[in-house]
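K.L.:
Let me begin by handing over the structure; questions about it come next.
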Amino acid sequence: MTALNRRALLRTAALTGLAAATGLAATSHGAAAAAPVNGPWLVSVGWGVLQVDPGRTTPRELLPNGDHAKTSPDGRYVAWVNTARSGDGTLEPFVAVYDRTTGRKRTLLADPFGVRYGAPTWSPDGTEIALVTGPDNDRLIAVDVTTGGTRVLVEGHSMTDPDWSRDGSMIVMRWRSRSQGWQLRVLELATGAVRPIYTPAPGEMFLSPVFMPDSGRVVFCTDRWYPDLESLNQSLASVRINGTGLKKLTDEPRFYLSPVFSPDGRYCAALSIPPENEYPDGGNIIVSTSGFGEQWWIPGDEYDDSTRLDWARAI
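Below, the structure written as structure tokens:
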């Protein structure tokens, strides 16, 4: 099979799956309490944010000079971070919100160069975003989206990759324990308690925790089962929020980054690298049902130096 024919078949298969996953099927007019309709994917690539629209495979630029983009639960707003100067030295670190309806941008936080902001995550009611900041990435804060006011949720330990549960009760994150090293921990927002749910094996690399839609399990990327492979050695795994029931979700080792569930909860997507890529220095989008059965690729441009994938609700 020629490369051209293979790509054509991949594109056809991907668009078939994409049509189902992005809610292109018609719905009855006036249906009560309609389920969320899956909209575009957002790919943060360090120097900007790309958008892959429903029914398409080639991205377009949504935001320049942005990173770590995350869409609000209603799909209208995108929170994003810039943590470095531009080439002419004019940009300072900031956290901003982009309105997908009006195209307006509004800065929430801005500090002198040297302050770092991690990837934001939205509260399910859309009123706050949470992110990591601090000199050692040791402060998790919540930012009021209307006023820009902040409150500290937890501090004193290095943290990365927070994700707010859809039921609003928890935030999961990578957390560095002084005695046990990096773990997955859950912050219970009602009590302020932080408890471990996953401690990796010695030398294990793991990242990108995200709650399943029912908030009962956390999915993450790990090389636990393929530690001896030099590259493309990760799996998607999940664990219950009480720390039991570790489960390997994917059969074939490959690179995974930033798993995300569709707004309707029926699909999971992640950044990954197709095996036919001659130079695997970027990523494409790989999609599966939420049961992690057969996967399919969204072909198109590689996303070099990708940092995050998000799946927006249609507006």
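Going letter by letter, the sequence shown gives residues 269 to 583 in the numbering used here. For every residue, glycine included, the Cβ atom is placed at its ideal position computed from N, Cα and C.
Roughly how many angstroms separate the alpha carbons of Pro-531 and Leu-504, rounded to a whole number?
P.N.:
Here residue 531 refers to the residue found at position 263 of the sequence shown. Here residue 504 refers to the residue found at position 236 of the sequence shown. So the two alpha carbons sit approximately 19 angstroms from each other.
K.L.:
Quick check on His-425: does DSSP put it in helix, strand or coil?
P.N.:
Position 157 of the sequence shown, counted from the start, is the residue given in the question as residue 425. His-425 falls in the coil class under three-state DSSP.
K.L.:
Give the DSSP bridge partners of Trp-432, in chain order.
P.N.:
Here residue 432 refers to the residue found at position 164 when the sequence shown is read from its first residue. Trp-432 is bridged to Ile-439.
K.L.:
Taking DSSP's pairing of strands, which residues face Val-400 in a bridge?
P.N.:
Translated into the one-based positions of the sequence shown, residue 400 becomes position 132. Answer is Leu-408.
K.L.:
Looking only at C-alpha atoms, which of Asn-350, Cys-489, Met-473, Leu-500 sits nearest to Arg-384?
P.N.:
As a position in the sequence shown, residue 384 is number 116, starting the count at 1. When only C-alpha atoms are compared, the closest one is Asn-350.
K.L.:
Which residue wins for smallest C-alpha separation from Pro-542, given the options Asp-429, Arg-453, Val-528, Glu-520?
P.N.:
By one-based count along the sequence shown, residue 542 stands at place 274. Minimum Cα distance to Pro-542 is reached at Glu-520.
K.L.:
State the DSSP-derived secondary structure class of Asp-258, mapped to helix, strand or coil.
P.N.:
Because residue 258 is not part of the residues shown, which for the chain are 269 to 583, the question remains open.
K.L.:
Tell me the rounded alpha-carbon separation between Gly-291 and Leu-517.
P.N.:
Taking the first residue of the sequence shown as position 1, residue 291 is located at position 23. Taking the first residue of the sequence shown as position 1, residue 517 is located at position 249. Annotation note: pLDDT 45 at Gly-291 (below 50); position unreliable, no value reported.
K.L.:
Report buried or exposed for Gln-448, applying the criterion of at least 16 other Cβ atoms within 10 angstroms of its Cβ.
P.N.:
The residue you call residue 448 lines up with position 180 of the sequence shown. Label assigned to Gln-448: exposed.
K.L.:
For Arg-576, which residues from the same chain have a beta carbon less than 7 angstroms from its beta carbon, with the 5 sequence-adjacent residues on both sides left out?
P.N.:
Taking the first residue of the sequence shown as position 1, residue 576 is located at position 308. Around Arg-576: Ser-312, His-336, Ala-337, Ala-387, Ser-526.
K.L.:
Could you check where the beta strand (DSSP E) with Arg-534 kicks off and where it finishes?
P.N.:
Counting from 1 along the sequence shown, the entry for residue 534 is found at position 266. Secondary structure note for Arg-534: it is in no beta strand (DSSP E), with a DSSP letter that is neither H nor E.
K.L.:
By the 10 Å Cβ neighbour count, where 16 or more other Cβ atoms means buried, how is Leu-421 classified, buried or exposed?
P.N.:
As a position in the sequence shown, residue 421 is number 153, starting the count at 1. Buried is the call here.
K.L.:
Measuring only the C-alpha atoms, how far is Glu-570 from Asn-552?
P.N.:
Position 302 of the sequence shown, counting from 1, holds the residue named residue 570. Position 284 of the sequence shown, counting from 1, holds the residue named residue 552. Cα to Cα, Glu-570 sits roughly 6 angstroms from Asn-552.
K.L.:
So for Phe-523, helix, strand or coil by DSSP?
P.N.:
For this step, residue 523 is matched to residue 255 along the sequence shown. Of the three classes helix, strand and coil, the one that applies to Phe-523 here is coil, per DSSP.
K.L.:
Going by Cα to Cα distance, which pick from Thr-326, Trp-443, Trp-564 is closest to Asp-406?
P.N.:
What you label residue 406 is simply residue 138 of the sequence shown in a count that begins at 1. Nearest of Thr-326, Trp-443, Trp-564 to Asp-406, Cα basis: Trp-443.
K.L.:
How should Gly-559 be labelled, buried or exposed, when 16 other C-beta atoms within 10 angstroms of its C-beta is the threshold for buried?
P.N.:
Here residue 559 is taken as the residue at index 291 of the sequence shown, counted from 1. Classification for Gly-559: exposed.
K.L.:
Here's the rule I'm using: 16 or more other beta-carbon atoms within 10 Å means buried, otherwise exposed. How should Thr-395 be labelled?
P.N.:
Your numbering for residue 395 matches position 127 in the sequence shown. Thr-395 is exposed by the Cβ-count criterion.
K.L.:
To which residues of the same chain is Val-346 closer than 6 angstroms at the C-beta, ignoring the five residues directly before and after it?
P.N.:
Position 78 of the sequence shown, counted from the start, is the residue given in the question as residue 346. Answer for Val-346: Ala-337, Thr-339, Tyr-366, listed in chain order.
K.L.:
Roughly how many angstroms lie between the CA atoms of Asp-230 and Val-454, to the nearest whole one?
P.N.:
Outside the displayed range of the chain (269 to 583) lies residue 230, so it cannot be described from this structure.
K.L.:
Between Gly-371 and Asp-496, what straight-line distance do the alpha-carbon atoms span, to the nearest angstrom?
P.N.:
Translated into positions along the sequence shown, residue 371 becomes position 103. Translated into positions along the sequence shown, residue 496 becomes position 228. If you take the alpha carbons of Gly-371 and Asp-496, they lie about 47 angstroms apart.
K.L.:
Rounded to a whole number of angstroms, what is the C-alpha to C-alpha distance between Cys-536 and Val-320?
P.N.:
Residue 536 sits at position 268 when you count from the first residue of the sequence shown. Residue 320 sits at position 52 when you count from the first residue of the sequence shown. Rounded to whole angstroms, Cys-536 to Val-320 spans 16 angstroms at the Cα level.
K.L.:
Which one or two residues does DSSP pair with Ser-445 in a beta bridge?
P.N.:
Translated into positions along the sequence shown, residue 445 becomes position 177. Paired residue(s): Gly-449.
K.L.:
When the cut-off is 8 angstroms and only beta carbons count, does Pro-542 lie next to chain C?
P.N.:
The structure shown has no chain C; it contains just one protein chain.
K.L.:
Residues in the same chain with beta-carbon distance under 6 angstroms from Ala-299, minus the five sequence neighbours each way, listed in chain order, please.
P.N.:
Locating residue 299 in the sequence shown gives position 31, where the first residue counts as 1. The predicted model places Ala-299 with a pLDDT of 37, which falls under 50 and marks its position as unreliable; any figure quoted below should be read in that light. For Ala-299, where only same-chain residues beyond five positions count, there are no Cβ hits under 6 angstroms.
K.L.:
Using a Cβ-Cβ cut-off of 6 angstroms (strictly less than) and excluding sequence neighbours within five positions of Ser-391, which residues of its own chain qualify?
P.N.:
The sequence position of residue 391 within the sequence shown is 123, counting from 1. Excluding residues within five positions, the ones whose Cβ falls inside 6 angstroms are Trp-432.
K.L.:
Residues in its own chain within less than 6 angstroms of Thr-280 by CB, not counting five upstream and five downstream?
P.N.:
Mapped onto the sequence shown, residue 280 falls at position 12. The pLDDT assigned to Thr-280 is 42, lower than 50, so where the model puts this residue is not dependable, and the model offers no usable value.
K.L.:
Report whether the distance from the Cβ of Ser-483 to the nearest heavy atom of the ligand GDP is below 7 angstroms.
P.N.:
As for the ligand GDP, it is missing from this structure, which has no ligand bound.
K.L.:
Leaving out five residues before and five after Thr-375 in sequence, what residues of the same chain have Cβ atoms less than 6 angstroms from its Cβ?
P.N.:
Reading the sequence shown from its first residue, position 107 is the one you call residue 375. Counting only Cβ-Cβ distances below 6 angstroms, and skipping sequence neighbours, we find Phe-362, Ala-364.
K.L.:
So, are the CB atoms of Ala-469 and Ile-439 less than 8 angstroms apart?
P.N.:
As a working note, residue 469 is residue 201 in the sequence shown. As a working note, residue 439 is residue 171 in the sequence shown. Their beta carbons are not under 8 angstroms apart, which means Ala-469 does not touch Ile-439 by this criterion.
K.L.:
Going by other Cβ atoms of all chains shown within 10 Å of its Cβ, with 16 needed for buried, is Asp-429 buried or exposed?
P.N.:
Residue numbering aside, residue 429 sits at position 161 when the sequence shown is read from its first letter. With 16 or more other Cβ atoms within 10 Å, it is buried.
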